[in-house]
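All the letters of the sequence shown, read from the start, carry residue numbers 2 to 80 under the working numbering.
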Amino acid sequence: MLLGGPWGRCHVGRCVLFLILALLLDAVGLVLLLLGIFATLSYWDFFVYTGALILAFSLLLWVIWYSLNIEVSPEKLDL
């Protein structure tokens with residue numbers, strides 16, 4: 002229903018680069034975080050902290066992607 006719904010085509014927006022980077026950082030951060038939690042390593046804290054930092058940075062990219070995709074009509078801008 003997403004692709005042919007009543008609201009039109011589903012698209013990822015204008016800033017595909019930020020979306021891809023955010024998704025990539027989400028995947029890498031989650032893998033590192035879970036590796037640090039579940040693997041029996043003596044340096045587990047490095048993976049936990051690095052994964053958490055990467056996930057926090059990916060949140061910044063998600064906010065940038067969302068902010069750049071906000072569409073405002075010219076009537077609301079009073080141009």
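From the three backbone atoms N, C-alpha and C, an ideal C-beta is built for every residue, glycine too.
**Q.** Leu24 beta carbon less than 9 Å from that of Leu52
**A.** The amino acid at residue 52 is misidentified as Leu; the sequence shows Gly. Not a contact, by the Cβ cut-off of 9 Å.
Q) Does DSSP put Ala28 in a helix, a strand or coil? A) DSSP places Ala28 in helix when its eight states are reduced to three.
Q | Burial state of Leu61, where buried means 16 or more other Cβ atoms lie within 10 Å | A | It counts as exposed.
Q: State the Cα-Cα distance for the pair Trp63 and Gly14, rounded to the nearest angstrom.
A: Counting only the Cα atoms, Gly14 lies some 12 Å from Trp63.
Q. Who are the Cβ neighbours of Ile55 in its own chain at under 7 Å, not counting the five residues just before and after it?
A. Here the set comprises Leu26, Val29, Gly30, Leu33.
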